Each structure stands twice: as structure tokens, then as C-alpha cells.
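Asks: For the sequence shown, this note's numbering assigns the number 29 to the initial residue and increments by one for each residue that follows.
A virtual CB, placed ideally from N, CA and C, is assigned to each residue, including glycine.
Quick caveat: nothing in here was measured; it's all calculated off a predicted structure.
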Amino acid sequence: MMTQRPPEAPRRRKLLVHQDVLEWMDDPRSDRQLQQRARLVFSQLAAQGMPPQVKGVQGLGRGWLRTDLGGNSGHQFYLWWARAGSPPVKHLALDPLEILVRAVRHHDETHAALDPGGPDQWVSLPGQELKDNGLFPELLRSQQDAIESKVRLRVLRGQPGTGKTTVLQQAALGAPGQRTLYLTYNALLAERARDFFDQFAPDPSLVTVLTFGELLRRVLPAAPAVVAPLAERITVLARALDSAPRKFAPWDKHPEELFGELHAWIAGAALPTPFRGAPPCEGQLLREEAFVKLRARTLDERAARNAVQAVQALDPRLLPEIVGDPWWARRALDKVRAGAKPPKVFADLHAVFVDEVQDLTLVEIALLAALVSAASEGREAPLDVMVAGDESQTVRPTDFDWGAFADAVAPTLGPGSTFDLLGNVRSPRAIATLVERSWSLYQHLDKAQRPRGRADLEIEESVSGRVLRCRVPDVATLARVGRALLERPSTVLVFPGARVPPELQPDGLDVWSSDAVKGLDFSVVAVVDGARRIREIEALRARKNDQVQSLRARTRADQFRVALSRATDTVIFLDVGEDPSGDGALHRLCVDDQEGPLEGYVASIDPDALLGLLARDDASAQELVLEYIQEATALLHAHPRRALDRLRHARGLLGRADSRCGVSDTTIRRQVHRLLGRAAWINASQQGSLDGAELMEEARKALQLGEMKVAAKASLLVRDLVRGDADSGASAESLLALRAQVLTEFAELREPLDRALRSWAASREAALLPTGRTARVKLLEAVGGVRALFVDDQPETARVERALRRRVAVALREESHGREALDVLLPLDPRDRAEEARCHEVLGQLREASLAWEESGDLVAALRCARELPDLDRALALATRTGSDEASALRWACSLRDLLSGHRAEAEGLNEHERGALARAFDDALPSRSGARRRRG
29 MMTQRPPEAP
39 RRRKLLVHQD
49 VLEWMDDPRS
59 DRQLQQRARL
69 VFSQLAAQGM
79 PPQVKGVQGL
89 GRGWLRTDLG
99 GNSGHQFYLW
109 WARAGSPPVK
119 HLALDPLEIL
129 VRAVRHHDET
139 HAALDPGGPD
149 QWVSLPGQEL
159 KDNGLFPELL
169 RSQQDAIESK
179 VRLRVLRGQP
189 GTGKTTVLQQ
199 AALGAPGQRT
209 LYLTYNALLA
219 ERARDFFDQF
229 APDPSLVTVL
239 TFGELLRRVL
249 PAAPAVVAPL
259 AERITVLARA
269 LDSAPRKFAP
279 WDKHPEELFG
289 ELHAWIAGAA
299 LPTPFRGAPP
309 CEGQLLREEA
319 FVKLRARTLD
329 ERAARNAVQA
339 VQALDPRLLP
349 EIVGDPWWAR
359 RALDKVRAGA
369 KPPKVFADLH
379 AVFVDEVQDL
389 TLVEIALLAA
399 LVSAASEGRE
409 APLDVMVAGD
419 ESQTVRPTDF
429 DWGAFADAVA
439 PTLGPGSTFD
449 LLGNVRSPRA
459 IATLVERSWS
469 LYQHLDKAQR
479 PRGRADLEIE
489 ESVSGRVLRC
499 RVPDVATLAR
509 VGRALLERPS
519 TVLVFPGARV
529 PPELQPDGLD
539 VWSSDAVKGL
549 DFSVVAVVDG
559 ARRIREIEAL
569 RARKNDQVQS
579 LRARTRADQF
589 RVALSRATDT
599 VIFLDVGEDP
609 SGDGALHRLC
619 VDDQEGPLEG
629 YVASIDPDAL
639 LGLLARDDAS
649 AQELVLEYIQ
659 EATALLHAHP
669 RRALDRLRHA
679 RGLLGRADSR
689 CGVSDTTIRR
699 QVHRLLGRAA
709 WINASQQGSL
719 DGAELMEEAR
729 KALQLGEMKV
739 AAKASLLVRD
749 LVRGDADSGA
759 SAESLLALRA
769 QVLTEFAELR
779 EPLDRALRSW
789 AASREAALLP
799 TGRTARVKLL
809 EAVGGVRALF
819 VDDQPETARV
829 ERALRRRVAV
839 ALREESHGRE
849 ALDVLLPLDP
859 RDRAEEARCH
869 EVLGQLREAS
879 LAWEESGDLV
889 AALRCARELP
899 DLDRALALAT
909 RTGSDEASAL
919 RWACSLRDLL
929 SGHRAEAEGL
939 NEHERGALAR
949 AFDDALPSRS
959 GARRRRG
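Here you go:
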């Protein structure tokens, strides 16, 4: 799946910053933490058009938006701002990409109107000028050191919220005029990175942003574009283990842990070079002895051998599906090591920046190092590399540790320098402290199983946040409370594990796993059954002599920390049933013996009081709509169905623009309709979508309301493709012609538009053909257009086009349109000479048919056509080559023909009458044969 944006230069947002704000930023009496928070909000406004937290204003200030800067009580001061088209600035005719930043006000100052001022009171600043004017987040000393370091390999280590991504992106900005590659975990993070570089890079076209999966498929196009979710692959493995001919203790009872060993080590560490004493691996799976050696510190020999044997007992056809990207990464690595050139994106590259490196296996890391090494050959200076990660934030089971990373890259990239980032610059204080304390979950684990790179966190965030504990008596109450929570924007229910137990999803309650929330931020994260999960971790830790149970403890601790770190305002521990251990281990995380309770911690709140506390009765429709926009934008790639649902909620809240209960801001109204249209496109283009046509009709209506006329027209064409009608070739051809205009109007539709075209082209291989020569030709032209559009990254389309050309040619030939069929076949490379031969036979061109059959390798058919001509010499030659019994008869016929034609010396004395009599006698003497008619198909 390709998500790279088109190369045309993006339009830049501009912040119109009022003098009052600039004076507050320059005033030494202003709170330094509030100023730093404001700088972060400025950068978010410039990069994304909206910060993660937004509140509306009622009364005289209606239409202004405000973002929390924190303060003494955690929510004391707000930055007020407005976008073009909103009521406070509608009369000022601002450009659609201009945002007015008006004031910093106390939270009580919402009753008084706020004059926006005029151009003479504003300073207009595009994103790239924020830094020069002191309005960009200040870097901590450790962050600045990492950026300024001149070593080839720089390694950033830090907990969630310590600014690893900020350092990577600012380091990439520090190479003006040079090409850089930025790699990250998923499509959402890639889109956010592109937003950043579009607004802040001097030349955004010099920065290429890809996900790890996209880079893999550029090296190895055969790798599947979509990998099944983690929980599904573990389920496939569990079922395969159940049907195995014997049991493989202890793994048969722990498929999740076996999956971790397979993904991280048996396949994920199958390196073609020596590694930590293990010999080079020749295939895509480690041999038993190598695995035993590499896992000696963690697994006893019996468990290690049984793990490999369990994998070896699986159906080999399941392995690519279960393992996913590491399986294909090894094939890609072999390709690069065999001398294949790196993808075009590495041409003239200066540096590579890698975020979330902890989610790469060793073989994927080795592939990246090999690509960097190959791209560095012949250059005066090798490519620089900067990576960032956190060992405890893995959502793919990679068993990542910095020591193994260093050993894997040292042969190609050298030792590098490590920078530990300690200051929390993102999470509210209470949540950052909770995440910091959760390191205690690793206590008592063997040293080899604990994450490395841990240091005490320096928490300076000005916003407080809150942590609440709520216990529900049963799953029925869980379903009621959970659904009520999900009605509010930016809220998620998370089970801290890889697979959500069915009993925690009563009546289909939407509870996510830890890996599903990776990279996403939510205002409220409700951790479901967290207390029981911590008790499980403690029980597993206590079994020190059981190495598999220790592995389970480490994995569960990682999953727990991932869930906690996704909250930007509130963490709720939502537990089911009675707690047999009283306050228990979870309470100890929230109430430290030395430091006391977390700021904003509520130790017990009943379900109805919780819902009342979180109710948004005082929120305006505009405020709720903005929160839905934020949440849906983050969910579009990984969870498009939920994004669509949230945007439908937002559409329902818009009301009439002239209603006091509705949203009057035309910019927000357009944004909702445009995002809704985009979400409908994304969902319709998903593999296996059953309501694609209805979704594209919904997209058309939404995009019309969002004033995207070209995209609305394209929605109708995609609707035709999704329906899969036999005569959809004309719609595809029209869509290809319209594609450039669509992307000019709405560039974010590139991915679903291209996916719809590719899916349609792929489906044509087995779909019914349209009737009529014209419709079939249009179909071929459209598929050829798709093939030409994706020639570099979608070789599968070329195979589909070839198969489709042959199908169309066969249909035309069977309808006796031999000439048209030949025209369809001739562009094929290599040519289909057998089908061409059949077309020549339809046209009565037996000589051409015989030659084509011969080239195809079918000498019997070539002989048949030669005899039907007849061409006795060619027939004799072909019969001789095939060893046919017909050769003697043909040889006799050739001799007789020569005699009758005067080519034999004996016939020179015969006159014309004698020759004729002899010919008639010969004809009468030959026995009649059936099947002498010429074949026509």
C-alpha cells in the first residue's frame, strides 16, 4: 500500500500571531512551562491545523477555539485562536490556510467578547519561521546534543513523551538541500510526519516519508501489501498447534509466546551472516542448534528445541501468513546481498531517520543496514543514520534490545553514539508519572529479560491530567458503561494484551488490544481489567524458574505500558468483579510509598459517578465536532470504520449553520464533510468491503457539501468500479483521465483512489467480460492505464493485464473476430503464439497459423495446418521432427508430386494427356478420409 504524497509543493499554513501573544511570550514574568506548552501548540497549529486538545467557547466568545496550556491547577490558562471562516474572523477574509492566534486568557475569561484586531496588530508567520521568532518548542540539552552530533549512527533512547520523534524530525530539517528518508511504524505516523515536513522543511520534496512496510515492498514488490492483524495471526498459529500430530510443551498451551519466539527469533533473527556465535542462516528460519544457542540465556534447551520443532511441524504454506513482514524481509535481504540496487528512493540520499525502531526484528534491521550500505558504495561520505525507540514500547513481538541492535548493525554502520532522552515533553504530569512508575512491573524479572535504556524521567509538563479507578460488578455493567464512554469523542477501551478475551467484549463491546492503539492518542483511555492483568504479571514474575512464564510477564508488562501511554488527559482503570487482593498491585502504582498518590488520582468512583464526571453536557456542538475531527483523523488509516462512525456523529452535530445549537463555522462544516467523504472512500476501497457502492454514494454527497466537485464526480466512477460490473472499463478509463484533477483538489484521496484502481484491475482477471468489441477494448485500455500508472510498485497488474488480454482475445476469436483478437494479442511480451495461431486459423491464414504453432512448440498443430494448406514440404519436415507415422506417406506424396510435376527425370518422356490420366488414376486410387475440412477454431 503506497501512501507517499505527490511531489508537487504543498501550500503552507500561516499563523497570524497577535501582538498580545508575542508580548506574553517575551515577558520574563510569564510562566516558563506555559510558554513552552504554547510553543508546542504553535507547532501543532502550523503542522496539522489543530492541536490535539481543543475546547470551544459559549456566549459572546462563540466561535473562538482555545487550547489548554496548564497552570497552577492544571487547566488554568488557555490559548485562544480562530481559523479562517469562523465567526470571530469571518469578516476579515482570511486565506483558508491562515490561523489567527489571538490571546492567552484565564479559564474564567469566557464571558467577555474578544476583538480579533486587524492586520496591523498581527505578525504573519509561516511554519518555518516560527523557530526564528521563538515560537517553536525549545529543545532540551540532551535533544540538542543528539542533533548536533557528527557521528554516522545516532541512537535515541527514551520513554513515551520524551521527544524522540521531535528530535528525529528536527534533525532531518537540519540537512537543507539534501535528500533524506524518514521511516516510521504505520500510515498514521507517516502522515503526521509528512504534515510536519510539508510545513517546516525548506523543500518538502527532498524528504521522503515511508512506513517500514512500504520500504519493504519497494525492495520486494512480491511482499503482500496488507498484513493481517497480530491477533489474527496468533489465532492461526494456535489452531495449527491444536491440529499438530503431537504436543510441544510448553508452547502448545502458550501460542502467543510461541508466536513471539517465531516472529522475533526463529524467523526474525534468521540472518545470513554470523550473529552472536550462531552460524549464518541459509533459509528463512533458524536451525534448531542456532536457536538454542541464541536463546540460551532465556530458554532451557528443551523449551528451545520444542519451539523450533513446533514451527517445523506447521504447514509451510502458513508461515508467510503467520510471520508477516520478517518472512519477506529475509527474501528482500537476500536480494540486496545478491547485488540488487536499492530502490530509487535511495538515490542521492544524504541520511536515513528511523522512528519506532523497536518494532523491527533483527532481519528487518539487517535489511535496512544492507540498503544503507549498498546506497553508500562509491560515495565520498556514507549515509548518516539516526534511529529512535523504546525497548518497552514494542507492539510487534520483536524482543528488541539495544545490545542486539548494535550487534546487528555494527558490521555495516559501525558502533554509533547513544543519547538518552529524559525529559517528558508530551504527557500530562499524572499520566507521565504513572507510566514512569509502571517500570516496577519489570521488577524481579531476570536481567536478560528486562528492557534496557531506562533512566529516571524529568517531568516538566504544565498540564496535570487525571487517573481514575472504577470497578463494575459484572460484564453487563461493563457493556453499559463502556458504550456510554465510547459515546464521547476521543475515548477508547483497551485491554492490555495482544488478544482481547471474549468475555470482556459483551454484546460486541468495542475493546481494543494494545497493538491496535499503537501510535494513537486519545483524550481518555479506559484500561479494561487492568488490575487482574497486573496480578497476572506479578504471579508470572514469581515463577522465576519457569522461563516461559517470565517471557509472558515481560510481554504483558510491555503491553500494559503501551496502553497507559496513549492517554493525553485521563486514564481510567475499568475493572470487572471483586478485587480479591483489596487495593492490590494496581493501587501501588497509583499511590507510591514515598511520593504519595498521583496528582488527580481518584481511588474509587462508582460507574454512574464516572459517567457523570466525564459527561460533556456543557460542551458546545462545535467543541464536540472538533474532538470528533481529531479522533477520526487519527483513526483513518488503522481503524477506518470507527473513523467513519465518529464523522457521522460529527455530521449529525453540525445542525443548521444559522441555528444557535448548530455549528456556524463554515470551515469546520466543510472539514467534516470532506473528512467524511475521505473516510467513505477509504472504507470502500478496503479488501472485502461489502457496502462499497453505498459508501461511495455517501462519499459523493459529503464531498459535494464539502465543495469538492471533482472528487464528488470521481466518487460516482469509483462506485461503478466497486460494483464490479462487467462493463466498468469505461468508468475506469474516465477515472484515470480525472485522477490528476482529483489529486489537485483533494490530495489525501491518492491512497484510496489508487487502491480502488488497483483492486478493480486485479478483479478483472476472473470477472465476466463485457459484451461487444468496443467495451472489451475500453476494458483493456483501462487496465493498461492502471498498469502504466503503477509500473514501478505494482508488477502484479502487468500479470493481470496479460491474462485479461488473452481472455479478451479468446472471446473475440470464438466470435470469429480473428483480426481484432490478433490486435489484442500483439502487445504481449512475451507473445502468446499459440493463441495467435488459433486466430490465424479463424482468418484462414493457415501458413501463418502453422508458423505460430511451431514457435509455440506445438508441432502437431503446426503439422496439421501445413497439411491443410497443403504445404507438403513443410508438412514432411514437421512430421520428420515429430517422428510421426505420417512422415512415410508425406514422403511418398512429395515424390509423386515431383513425378507428376516433371521434377523427376523419369517423367520427362510423358505428354500432357498421359500426365492427366496418371493424375486422375492417382486421385481415384486414394481412399477417402474423414475430417479433411479445415478446422476453424
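In the DSSP assignment, find the alpha helix (DSSP H) that holds Met724 and state where it starts and stops.
Replies: Element bounds for Met724: 720-733.
Asks: Beta-carbon within less than 6 Å of Ala915's beta-carbon, same chain only, minus the 5 sequence neighbours each way: which residues are those?
Replies: So the qualifying residues of the chain are Ala907, Thr908.
Asks: Grouping DSSP H, G and I as helix and E and B as strand, with all else coil, what is Arg116?
Replies: Note that residue 116 is Pro in the sequence shown, not Arg. Pro116: helix per DSSP, three-state reduction.
Asks: With distances taken from CA atoms, which of Arg39, Thr598, Ala368 is nearest Pro154?
Replies: When only C-alpha atoms are compared, the closest one is Arg39.
Asks: Strictly by DSSP, which residues pair up with Trp150?
Replies: According to DSSP, which records beta bridges pairwise, Trp150 is partnered with His46.
Asks: By the three-class DSSP mapping on this structure, what secondary structure does Arg629 have?
Replies: Checking the sequence shown, residue 629 turns out to be Tyr, not Arg. Residue state, collapsed to three classes: strand.
Asks: In the DSSP output, which residue or residues are listed as bridge partners for His134?
Replies: Note: His134 sits in a beta bridge opposite Phe105.
Asks: Going by Cα to Cα distance, which pick from Cys309, Arg304, Leu313, Asp557 is closest to Glu289?
Replies: Closest option to Glu289, Cα to Cα, is Leu313.
Asks: What is the DSSP secondary structure of Arg736, counted as helix, strand or coil?
Replies: Reading off the sequence shown, one finds Met at residue 736, where the question assumed Arg. Correct three-state label for Met736: coil.
Asks: Which of the three DSSP states, helix, strand or coil, is assigned to His282?
Replies: Here His282 sits in coil by DSSP.
Asks: Roughly how far, in whole angstroms, is the beta-carbon of Gln732 from the beta-carbon of Ala740, given that I think they are within contact range, below 8 Å?
Replies: Right, their Cβ atoms sit about 5 Å apart.
Asks: In terms of residues, what are the limits of the beta strand (DSSP E) holding Cys498?
Replies: Where Cys498 is concerned, the enclosing beta strand (DSSP E) stretches over 494-500.
Asks: Apply the 10 Å Cβ neighbour rule to Asn939 and answer buried if 16 or more other Cβ atoms are within range, or exposed otherwise.
Replies: Classification of Asn939: exposed, given that the 10 Å Cβ count is below 16.
Asks: For Asp886, I'd like the list of residues in its chain whose CB is within less than 8 Å of its CB, leaving aside the five on either flank, ordered along the chain.
Replies: Taken in chain order, the residues that qualify are Ala862, Ala865.
Asks: Please report the distance separating the alpha-carbon of Glu488 from that of Glu317.
Replies: Residue placement at Glu488 cannot be trusted, given a pLDDT of 49 that sits under 50; the coordinates are not used to answer.
Asks: For Asp673, name the three-state secondary structure that DSSP assigns.
Replies: Reduced to three states, the DSSP call for Asp673 is helix.
Asks: So, is His46 buried or exposed, given that buried needs 16 or more other C-beta atoms within 10 angstroms?
Replies: So His46 ends up on the buried side.
Asks: Which runs of the alpha helix (DSSP H), 4 residues or longer, sit entirely within the segment 43-101?
Replies: Whole alpha helix (DSSP H) segments, 4+ residues: 47-54, 60-76.
Asks: Enumerate in chain order the residues of its own chain whose CB-to-CB distance from Val738 is below 6 Å, with the five nearest sequence positions on each side excluded.
Replies: So the list reads Gln769, Val770, Glu773, once near-sequence residues are dropped.
Asks: What are the uninterrupted segments assigned as alpha helix (DSSP H) that are 4 or more residues long and contained completely in the segment 635-711, given in chain order?
Replies: Those alpha helix (DSSP H) runs which fall completely within the segment 635-711 and span 4+ residues are 635-642, 649-663, 668-682.
Asks: What does DSSP give as the partner residues of Arg111 in its beta bridges?
Replies: Note: Arg111 sits in a beta bridge opposite Ile127.
Asks: Going by C-alpha distance, which of Ala332, Ala259, Ala945, Leu652 is nearest Ser542?
Replies: Cα-wise, what sits closest to Ser542 is Ala259.
Asks: Am I right that Gly752 and Lys806 are in contact with their C-beta atoms under 8 Å? What's the rounded C-beta distance?
Replies: In fact, because the Cβ distance is near 16 Å, the residues do not count as touching under 8 Å.
Asks: Looking at the structure shown, is Asp597 part of a helix, part of a strand, or coil, going by DSSP?
Replies: Asp597: strand per DSSP, three-state reduction.
Asks: Output yes or no for whether 9 Å exceeds the beta carbon distance between Ser912 and Leu891.
Replies: Contact: yes.
Asks: If you count every other CB in all the chains shown that lies within 10 Å of the CB of Val179, and 16 or more means buried, which is it?
Replies: By the 10 Å Cβ count, Val179 comes out exposed.
Asks: Is His139 helix, strand or coil when you go by DSSP?
Replies: Three-state DSSP puts His139 in coil, outside helix and strand.
Asks: So Ala335 and Ile294 are in contact, right, with Cβ under 8 Å, and what is the actual spacing, rounded?
Replies: That belief holds up - the Cβ atoms of Ala335 and Ile294 are roughly 7 Å apart, short of 8 Å.
Asks: Spatial neighbours of His282 within its chain, please: CB distance less than 8 Å, with the 5 preceding and 5 following residues excluded, ordered by chain position.
Replies: Excluding sequence neighbours, His282 sits near Val576, Arg580.
Asks: If Cys867 and Arg841 are in contact, beta carbons under 8 Å, what's the gap, nearest whole angstrom?
Replies: Contact flag correct, Cβ pair sits at about 5 Å.
Asks: Please work out which residues of its chain come closer than 8 Å, Cβ to Cβ, to Asp343, disregarding the five sequence neighbours upstream and downstream, and give them in chain order.
Replies: Excluding sequence neighbours, Asp343 sits near Ala268.
Asks: Are the CB atoms of Leu73 and Trp150 within a distance shorter than 9 Å?
Replies: Against a cut-off of 9 Å, the Cβ pair of Leu73 and Trp150 comes out as no contact.
Asks: For Ala229, I'd like the list of residues in its chain whose CB is within less than 8 Å of its CB, leaving aside the five on either flank, ordered along the chain.
Replies: Excluding residues within five positions, the ones whose Cβ falls inside 8 Å are Gln156, Ala200, Leu201, Val235.
Asks: Taking the runs of the alpha helix (DSSP H) that are 4 residues or longer, which of them lie wholly in the segment 374-401?
Replies: The qualifying runs do not exist here; there are none.
Asks: What did DSSP end up calling Val254 once you bin it into helix, strand or coil?
Replies: Three-state result, Val254: coil.
Asks: Given Leu626, which residues of its chain have a CB within under 7 Å of its CB, disregarding the five upstream and five downstream residues?
Replies: Cβ within range, chain order: Ala458, Thr461, Leu462, Val495, Cys618.
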